[in-house]
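Q: Residue numbers (our numbering): 7 to 266.
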């Protein structure tokens with residue numbers, strides 16, 4: 007089978023399933039891992055997929071992104087990679103919650119799903135998303151944290167209780183086996199966001215692991231997926247497997263070679 011034919015069949019699979027693993031490609035097409043990886047690299051070069059460690063996701067259709075404002079908080083390359091992978095999980099028509107973390111703001115930057123409704127307490131994310139015509143925004147009202155430009159308080163938590171969404175994207179201050187932590191007022195809002203979602207997706211770069219912040223706002227029973235920039239330790243991976251938390255890591259060609 008020619009590569010072009012195989013790539014089309016991979017895209018057909020993604021159209022139905024939304025994601026595919028290297029192992030699935032090898033089994034379906036009787037090819038080596040290197041061949042499967044080359045297929046995914048070529049598809050990514052054509053902006054048709056988002057590669058992850060061990061496979062790929064089907065991204066939302068990309069639309070023109072106008073007038074990105076430099077005054078929005080700048081995020082690291084690691085956070086941008088996490089945000090791009092998170093945005094690829096959003097499908098057409100999804101109703102989602104975005105919290106106020108900078109990593110989740112990176113998700114908002116890459117969000118392009120048609121007819122998507124976003125509920126957020128982040129002034130920055132709402133401002134950024136206002137440039138995207140296909141996305142409806144519900145900006146929560148409450149006490150404004152002037153420095154970090156998000157709203158919090160009892161009114162935010164109360165309003166959230168009236169919404170039900172498919173996915174919630176949550177940033178954290180710390181990640182340990184005991185749970186997720188952040189500032190207390192911010193954490194109370196995050197907890198409620200998680201409770202209102204069918205699927206909870208935590209976004210955390212490697213620096214958050216092993217760190218306890220001021221307030222533990224959730225344990226792992228509420229989490230379905232965690233997206234991070236580096237594969238966690240073996241101990242942490244075993245913990246995630248035991249608690250049925252799926253780990254997604256943006257693909258790195260160098261890291262993939264080390265796994266070969």
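Yeah, the Cβ is synthetic: ideal placement off N, Cα and C, and Gly gets one too.
All figures in this text were calculated on a predicted structure; none of them were measured in a lab.
Along the chain, where does the beta strand (DSSP E) containing residue 232 start, and where does it finish?
A: 231-233
Q: Using 8 Å as the threshold, is the segment 167-183 in touch with the segment 94-110, meaning 3 or more CB pairs across them?
A: Three or more Cβ pairs closer than 8 Å define a contact, and the segment 167-183 meets that threshold against the segment 94-110.
Q: I'd like to know if the segment 245-255 and the segment 187-204 are in contact, where contact means that at least 3 CB-CB pairs between them fall below 8 Å.
A: no
Q: Does the segment 85-92 come close enough to the segment 43-55 that 3 or more CB-CB pairs lie under 8 Å?
A: no
Q: Whole alpha helix (DSSP H) runs in the segment 140-173 with 4 or more residues, listed along the chain?
A: 160-166
Q: From this set, 180, 43 and 257, which residue's C-alpha is nearest residue 220's C-alpha?
A: 180
Q: Please report the straight-line C-alpha distance between residue 126 and residue 115, rounded to a whole angstrom.
A: Annotation: residue 126 to residue 115 spans about 14 Å, alpha carbon to alpha carbon.
Q: Do the segment 161-168 and the segment 198-207 make contact, defined as three or more Cβ pairs closer than 8 Å?
A: yes
Q: Going by beta carbon distance, what residues of the same chain come within less than 7 Å of residue 9, once the five residues before and after it are set aside?
A: Result list for residue 9: 45, in chain order.
Q: Any Cβ of chain D within less than 8 Å of the Cβ of residue 112?
A: The chain labelled as chain D is not found in the depicted structure, where only one protein chain is given.
Q: Near residue 225, what residues of its chain come up, given a Cβ to Cβ distance below 6 Å and the 5 sequence neighbours on each side ignored?
A: 185
Q: For residue 197, is the classification buried or exposed, using 16 other Cβ atoms within 10 angstroms of its Cβ as the cut-off for buried?
A: Buried: at least 16 other Cβ atoms inside 10 Å.
Q: When we look at the beta-carbon of residue 152 and count the other beta-carbons within 10 Å, is it buried (16 or more) or exposed?
A: exposed
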